[in-house]
Every structure is written in C-alpha cells, then in structure tokens.
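Written below as structure tokens is the structure these notes are about.
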Amino acid sequence: MNDAANKCEAPMAQTSCVTFSIIGMTCAACAQSLSKSVERLPGIIKVVVDALNHRARIKFYAEFVTEEAIRQAIEDAGFQAAPIAHSNGQTHLCRIRVTGMTCTSCSAALESALRAKKGVRSAQVALATEEAEIRYDPETTSHNELVEVIEDAGFGAEVISAGGNQSLISIEVHGLMDQSSADLIEKCLYTLRGVESVEIDFGRRKCTVSYRPEAAGPRDFIRAIESLEGGDFKARICPEESSTARGLKEAEIRRYYAAFLWSLIFSVPVFLSSMVLMYIPVIRRPLDLRLVNSLTVGQILRWGFATPVQFVIGWRFYAGSYKALRHGRANMDVLIALGTNAAYFYSMYSVSKSVVSTDSEGSDFFETSSMLISFILLGKYLEVKAKGRTSEALAKLICLVPETALLVKYDDADGRVLGEEEVDMRLVHRDDVVKVVPGAKVACDGLVVWGQSHVNESMVTGESRSVAKRVGDGVIGGTLNENGVIHVRVTKIGSETALSQIVRLVETAQMSKAPVQKLADRISKFFVPLVIALSFSTWLAWFLAGKLEAYPESWIPLSMDRFELALQFGISVMVIACPCALGLATPTAVMVGTGVGASQGVLIKGGQALESTHKVSCIVFDKTRTLTAGKPVVVSTKLFKYSSLQEFIELVAAAEVNSEHPLAKAIVEHAKSFKEPRENPTWLDSEDFVSVPGQGVKVKVQHKRLVIGNKSLISNAKIQVSPEAEAALAQCEALAQTGVLVAIDGEVTGLIAVSDPLKPEARDVISILKSVNVEVIMVTGDNWGTAKSVAGQVGIQNVIAEARPDQKAEQVKLLQARGHTVAMVGDGVNDAPALAAADVGVAIGAGTDVAIEAADIVLMRSNLEDVITAIDLSRRTFSRIRVNYIWAIGYNVVAVPVAAGCLFPGIGFRLPPWIAGAAMAASSVSVVCSSLLLRNYKRPKILDKLEMRDIVVQ
0 MNDAANKCEA
10 PMAQTSCVTF
20 SIIGMTCAAC
30 AQSLSKSVER
40 LPGIIKVVVD
50 ALNHRARIKF
60 YAEFVTEEAI
70 RQAIEDAGFQ
80 AAPIAHSNGQ
90 THLCRIRVTG
100 MTCTSCSAAL
110 ESALRAKKGV
120 RSAQVALATE
130 EAEIRYDPET
140 TSHNELVEVI
150 EDAGFGAEVI
160 SAGGNQSLIS
170 IEVHGLMDQS
180 SADLIEKCLY
190 TLRGVESVEI
200 DFGRRKCTVS
210 YRPEAAGPRD
220 FIRAIESLEG
230 GDFKARICPE
240 ESSTARGLKE
250 AEIRRYYAAF
260 LWSLIFSVPV
270 FLSSMVLMYI
280 PVIRRPLDLR
290 LVNSLTVGQI
300 LRWGFATPVQ
310 FVIGWRFYAG
320 SYKALRHGRA
330 NMDVLIALGT
340 NAAYFYSMYS
350 VSKSVVSTDS
360 EGSDFFETSS
370 MLISFILLGK
380 YLEVKAKGRT
390 SEALAKLICL
400 VPETALLVKY
410 DDADGRVLGE
420 EEVDMRLVHR
430 DDVVKVVPGA
440 KVACDGLVVW
450 GQSHVNESMV
460 TGESRSVAKR
470 VGDGVIGGTL
480 NENGVIHVRV
490 TKIGSETALS
500 QIVRLVETAQ
510 MSKAPVQKLA
520 DRISKFFVPL
530 VIALSFSTWL
540 AWFLAGKLEA
550 YPESWIPLSM
560 DRFELALQFG
570 ISVMVIACPC
580 ALGLATPTAV
590 MVGTGVGASQ
600 GVLIKGGQAL
610 ESTHKVSCIV
620 FDKTRTLTAG
630 KPVVVSTKLF
640 KYSSLQEFIE
650 LVAAAEVNSE
660 HPLAKAIVEH
670 AKSFKEPREN
680 PTWLDSEDFV
690 SVPGQGVKVK
700 VQHKRLVIGN
710 KSLISNAKIQ
720 VSPEAEAALA
730 QCEALAQTGV
740 LVAIDGEVTG
750 LIAVSDPLKP
760 EARDVISILK
770 SVNVEVIMVT
780 GDNWGTAKSV
790 AGQVGIQNVI
800 AEARPDQKAE
810 QVKLLQARGH
820 TVAMVGDGVN
830 DAPALAAADV
840 GVAIGAGTDV
850 AIEAADIVLM
860 RSNLEDVITA
870 IDLSRRTFSR
880 IRVNYIWAIG
890 YNVVAVPVAA
900 GCLFPGIGFR
910 LPPWIAGAAM
920 AASSVSVVCS
930 SLLLRNYKRP
940 KILDKLEMRD
950 IVVQ
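Per numbering that gives the first Met the number 0, the very first residue in the sequence shown carries number 0; after that it's consecutive.
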C-alpha cells in the first residue's frame, strides 16, 4: 500500500465499502490485474476480487478516494464496473466472542461503539455470555471491521459466526510461514466456487473461509490447499467453536485460580506480620527491629511481599483501567486500581517517612492492598466458575452432535457402495450419504435412502416414544438410532440443522435483555463515577472531622492517625460498592431459565418473552393442531348433486393437493384409498389455484370451477347453500366434526365430514389455567357449530369462530385494549399474525416455520401441558430476578454507609478495606449462585400426575 494510504490511519478517517459487478473478467490473472490497478489509488484499504462471481469488494477511506475514482480505475484496467446496491434491506447477523469486560459499564460502552459504526443496524452485548450479536449491512461493513471496532474499544474479539447465508470455517495450515504463502493460498481459494471471503493469519497459521455451503465445503478447501504447487502445505479443521469456547472458559478459570493462589502466597505473610504476629512478643521484637531511623524489618518485609501482588498479579486491573479511561469510561477495574493504589502508595509514603525520621509512628496499609487484590481474585474465580455453569443445558444440547460421521462412498455408475470412511463431522457436505449404525447418533439432518430403524428423538423434540424411520423419512441430527442400520442423505449441515437452530435460538435468548434490565443499565452509567465521588466525600468528611477534632481521640485505633483513619474509610467505600452484582442479576437468571426451558422442551426466545409470560392473564387458543391432535381424518362424504363418489373425490383431491391446511391433507389421504397405487398416486391437473386463508380454496379442475371450504367461503362466492346441505352441515357440527362444503360450477354438490380428535391433555390444561385465574378463549377459522362443540368438550366458554387471520390478530388487540397481557397459542400460517400481535406468541413445535418464526415461545413436544410449564418457569425466573435485584441493590444501599463509617460513632464498628473487598467479591458470587438455583426447577407436580394418569389409561 502506498504512502498516501498509510497516511489514512488517522483516527478521524471514515471507512467505506463498495461492491462492483465486473464485466470482462475471465480468469484469476484478470482478478490479479484488477486488484493491482485499484490498490494504486490513495486511501485503498483492501481489495477482494471474486473471479468466479465477477465481483470486487473494495474497502477504502472516503476522505481520500471516491467510488467514482475506484470505478474509473477498474475501467482503466480494461474492465467494466457497475456498483451493486449497497443493502437492499439485507442484513447479516454476526456473533463475536468478547473478552476483557468486567461490568455492565463495559458492555454498555461497547454497544455504543458498535452502534456508531456505519452499516450496523443493531448491536447487543451480553456481559454474562461474553458475546456480542450484531446485525449489519454486508455491503457497508464486514465482520472483520466489527472485530476492529471491538479491539479499538479495548477488548479482545473473536468471530463465532459471520451470518448471512454463509458458513464460516477455520483451517489450520502447516507450512503457512509468510505473506507469500498466505497470498498463494488466498488466490487458490478464491478460484473455488462458493467462496465469499478468505482471511489468513500466517502468524497463527490459520485460514478462515466464508462460503456458501450449497456450492462448496471444507473438504474442497483442504484438498485445494494441500494440492498447491510451490508449497508443502498440510491442512486440517481447527477445533470447533464449542470446544474452543469451553477451552477458553476453562483457561480463564485456571488463570484466575493461579492468580489467586500466587496472590495468597504473597499476601498471607503481609497479613500475618501486620495483624497477627504483632501480638506475639517473641516474634514482634525482631519485626520491630529498626534498620534506618524508624524503618523496621516488618515494614520492609510487608513492602517486599506486597509489591509483586500490586504490580505483577494486580497488573490486570491497571490494564483494564487504562483501556477504560482511554475510551472515556470508568469500570470496576478503575475502582479496584484506585483503592489498592491509595493503600499501597500511602504505605510507601509511610515507609519513606520512616527512613528520614527517627520518631515517625505512621503505620502502613500493605495488607489492605494485597489482601484486597487476593479477595477480589477469589471472587472473580468463583464468579467465572459459577457463570460457566449457567449454560450447562446449552452445552448438553451442543454435545448431542457426534464428532465424527461414517461417510459412504458410492459408485456413480451403478450405485454400488465402494467403501466407508470415518471423517470429522464438519467435513460432511450437503448430499453426502452417511451410515448410522445401531446405538449411534444421527450425524446431520437428512432423508433415509436405505434401511429402516427406530430413532429416539426425545433429546431434540422432547417426544419420549421412538419414531419408526423408513426410506424417504426425515431424520434429525443429534438423535439416537436404536435398532437398525440406515443410510442417510444429508440435506442440511452446520447452522442449517434443526439442532443448530435450537441451540442458536437458546443462545439468542441468553443474549437478549429483559426490559427489567434497563434499570441496571441506567444505574451502571453513573455507578462508578458516583462511587468515586462518595469515596472522596467520605475521606474528606472524616479528614475534616479529624482536623477539627470533631470526634474524640479514643476513636482512633492504635498505630493510626486521623488521616489514616479517614483514608481507610474512603478506600472501604470505593471497593465495597459492586456494579457487577447489579449487572449480573438479570442475565444470569435469564441464561439459566432459558437453558432449563430448553431441557424441558420449551424454547423461550429471550428475556422479553420471559418477562411478558409471567404477566399473562389471558390465553387465546387456536383449535386445529393446537387443542386437537392435528391429524384429521375423513369420516363421511355426502353427495347432493353428483352421482359418482370416486369422480367427486378425485376432483376434490386434485383441488386440495396444493393446499397445506391439515383438513386438505386429510381429504387427499382419504382420496388415496380410491387410487392404485396408494403410495404415489397421480392427480388431475388444476389451474388458477387460490387459497383463502381460514376459509378454503378456489381452483379450476378439468374446466370445472371448484370452491371448497366453509360456509363463509361459499356464501362470499355468491353460491346458494341448499336446505339439505344446511342440515348435513348442522349434523356434522353437532358431532364436533368439520363440514367441508364442495361447490362445482356454482352449485353445492357435496359435503365432506372431517373429524380431528382432541388432544388428551387439552381439558385438564384448560382447567388448570382457569384455576390460576387465567382467562381462556378459543379463536378458530372453523365454523361456529364445530367450534362450540369442541370448546364445550374442553371447557372453554368464550369462543370466536369463522375468524380470518387478520380477525384473529384483531381479537388479540381487543383483549390487550381491555388490559390483558395476552398469550396466543397456535401452529399454522393462519395464526402467525395473531402470534406476532400477542404479548407472548406460543407456537406448537410441530407447526409451520412461519408460526415458529413469529412466536416468542416454541413448544417442541407439541404438548399443551408445556404452556403451563412455560408460564410457571417464567414466574419462577422473574421471582429469582427480583431476589437478585433486592440482593444487589440492597447490598450496595446497606454496605456503602457501613463502609463509610456510619456505625463507627455509635457502636465502634469499622469495616477494614480488605474485608470490604471480600464482601464486594462475595456479592457477585451470591447473585450468580442465586440464579443457579433455577437449575433445580421442576415442572408443576400436577402435570406429572396428569402424565402418569395418561400412561395408565394407555
């Protein structure tokens, strides 16, 4: 890069990024020529050229070069360039592991820095999980630039996932020694189809590739690197992210433990010589032996032992303080550094005074600084260890994925199996075939292509019964194959798999902030400056009181003067106030609560959902596949104006085969009984298909116009319903069946009665909800007669039927206007608007992706009992959050006045600084341990009784 570009490193320069579509680029040599032409411009930071996709992404300083100048340089090199629209509303989600945060002021400052970055749409930083989640415009910024922002703010950063439709893989390359070999590998990888970006760190011998999994995979990258001419490279996948995270957490625990032990080794002699041995005459005499003037052996020993604690072991607090103050903020490290420095440097002053004076009687506080650091390190060790246990449920989910897979190699010519190879799980590509033996875990989501077995899916879906799997059936990665050998063709890998999505949902939930946490965030902005002001005010008040002799001399402890007494009170105030406990009160409880929910089959999407759920006063239930089993069957068919039942059923099936509604599927399944073969029948061609949500379908089959659905759809189509059809419809409704009217060419010709049995737990769940004063309402698109009949069976009085999706959402809003906190429980596309409108949307896990996406809570087992579990768990979690806040706020409210000496005039109680430091450390640990009690959560006992009763009945 030229000199002009180097000058751009000024901190005020604004970086920009533009992506061009390149016309005329035919090979890697063209890409290299283009890169060199653009890099000659002043202000160019980086040029990434993708020859296969004919794109060039250029990062530059807007102060020194413009997009137009870059485009002109590309055209001067012999190519045509057109800038690609910057965002088109597309955002990527990036997760970054952050190290170096000590309290909520750190996370708040980092959030502000990230949000100020151009292209960042939203940023969330979680202190408890030590992660940042950022949504950004990929055409304006990149995940690497976000890492730079975090590092510039004084924290460590490592990308976990880059987001978008891309996957991220890190490859360890042996033989990657210098920039030339890095350039060779980078150029090679960019020639592969599907590679989006390549980042090479030859210092760590690591290559990070962002790619599209449908086009390429890690095996391709390793093969390409190892086959390079001119370099003896060996490549392998770096340890997976979950292992890295566990390793980093364990390393952090070991570091704090070692630091505490070393600090204790040096601090104990200081403590003993100043607080214990001075009362033993035999030992006190040699310690009081004077060396120079008033300087004693004890002072020298305490100084010698305290110095490595202060400046070597305690260096982390200096580093943290410097980074914080350099960026205009104050954190916990600042309080610790100020408190320990005040004690240490005053002690140095006292020792220096003893050297030059023969009658100096001033005492030192070396035990204060050393013991204070020891107790704080002990507290951090216990806190980090406890925090590591808050996400144990998530770790168990992650561990479900097997580390290796048995890859089956086929002969492309005749499909014969050529062999098997055990490979790292992350080397499996889409469309690979893997073998799953009995007792092994399924490697990835896929379809069975050979064999049959039973698979236990309880670890993912919560369903305790094993599920039979045959050719064509889907399997979920991480589930357990029980009794047969199957071959599975991989359809989803990495972050696309169901288990990965569940893990990601729980991780996102643990990252999110509950509204109640806003209190802690507001306090944290002013906490440290306020504590420093209180500390200084305390010292000043006691110092002036001493100067004015406002208190008797008998109050002053032996070997202290009035200044030293005031200093100790000031230091105690500074180190006892704890912003960490306040910052950990909510996120640790949310982490444990969401993790416990996941282990119970209840996926809660964060603190907002938890907070809203515990306030729920009204629940709205959909009917089909929510209160009912969702497996409707055709029980009867009545013809009014049609002679051939088989022809009638074939016409209706041809119309309904394009619909996703459960009733439509039931009709198609019923129609299969009229066809041969039944496994894969063919249907008549249809055209002009129109689905009317909540009502039915309109379609043209063999030049006949069919309108199939409820009475509202028929009436809206201006088709007359005959008295005979009315009577048949009323009869269906009386039997809690759904009557589907069929009109052909403007005349009602038949009725199909469909029955959907109730879920066995539905009535008991409704009864329990009523007993805890939760209002229950059923809203369905089904007809009034069927709706009332079903509602009567489960014990619901308030019923709204024949409701379109928008009307369901309107009913939710009306209930909210009446003052209710509303939960909506549903499963289908028709329920998505209502799920989104409700305060808490609860999706049945077997429902559609749209419903699950719109919901706040997902019930993986599709069991209504889990609605009660979700409400009970949220109430327990928020009860724990309240306890944490009472403890954290109450601790500071009580501890600060005690440390300031408010009790000293009355009862003579004084809190030494090192004890104040121990109390501060204990407060954070207490809050985390309080949250960990949620791990003992058991669902309401009444649900266990219901489950036992259902087992006995079955």
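Glycine included, each C-beta is placed from N, C-alpha and C at the ideal position.
Secondary structure of residue i, DSSP reduced to three states
i: D151; result: helix
i: A822; result: strand
i: W449; result: strand
i: P756; result: coil
i: T674; result: Residue 674 is actually Lys in this sequence, not Thr. K674 falls in the coil class under three-state DSSP.
i: N935; result: helix
i: R860; result: coil
i: F688; result: strand
i: S20; result: strand
i: Q79; result: strand
i: G794; result: coil
i: S121; result: strand
i: I718; result: coil
i: I743; result: strand
Residue closest to residue i, alpha-carbon to alpha-carbon, out of the options
i: L376; options: G916, V927, L931 and K940; result: G916
i: A234; options: R469, I252, V296 and I168; result: I168
i: I666; options: F688, K710, L609 and L750; result: L750
i: S925; options: K379, A608 and D755; result: K379
i: V773; options: L324, V619 and F647; result: V619
i: H53; options: F259, Y60 and P82; result: P82
i: T587; options: I21, E129 and A122; result: E129
i: R874; options: D684, F673 and G596; result: G596
i: W541; options: R879, R56, G99 and A899; result: A899
i: G545; options: L188, P904 and Y409; result: P904
i: Q719; options: E732, T748, C731 and L734; result: T748
Where the alpha helix (DSSP H) containing residue i begins and where it ends
i: G596; result: P578 to S598
i: R704; result: R704 -> not in any alpha helix (DSSP H); beta strand (DSSP E) instead, spanning K703 to G708.
i: V764; result: A761 to S770
i: L324; result: W314 to R325
i: M777; result: No alpha helix (DSSP H) contains M777, which is instead part of the beta strand (DSSP E) from E774 to V778.
i: C102; result: First-last for C102: undefined, no H or E at that position.
Span of the beta strand (DSSP E), counted from its first residue to its last, around residue i
i: S922; result: Taken as a continuous stretch (DSSP letters only), S922 belongs to no beta strand (DSSP E), being part of the alpha helix (DSSP H) at P912 to L931.
i: D49; result: I43 to D49
i: M331; result: Taken as a continuous stretch (DSSP letters only), M331 belongs to no beta strand (DSSP E), being part of the alpha helix (DSSP H) at M331 to V355.
i: I843; result: V839 to I843
i: L650; result: Not the beta strand (DSSP E): L650 falls in the alpha helix (DSSP H), residues L644 to E655.
i: L92; result: H91 to T98
i: Y135; result: E130 to Y135
Nearest-angstrom beta carbon gap, residue j and residue i [assumed within contact, 8 Å]
i: L126; j: L583; result: 7 Å
i: I44; j: K58; result: 4 Å
i: V824; j: T625; result: 6 Å
i: L662; j: T737; result: 6 Å
i: V448; j: V470; result: 6 Å
i: L602; j: F877; result: Contact flag wrong, Cβ pair sits at about 18 Å.
i: I1000; j: S262; result: Because the chain in this structure spans residues 0 to 953, residue 1000 falls outside the shown range and cannot be described.
Per DSSP, cross-strand counterpart(s) of residue i
i: F59; result: S15 and I43
i: D423; result: T403
i: G738; result: A752
i: D444; result: K491
i: C206; result: I170 and I199
i: S266; result: None; S266 has no bridge partner.
i: K637; result: L750
i: H486; result: K434 and W449
i: A234; result: V172
Any non-hydrogen atom of the ligand ADP within 7 Å of residue i CB
i: V572; result: Only the bare structure without any ligand can be found here, which leaves the ligand ADP out of the picture.
Short CB-CB distance (under 8 Å) between residue i and chain B
i: R561; result: Considering every chain present, this structure includes no chain B. It has just one protein chain.
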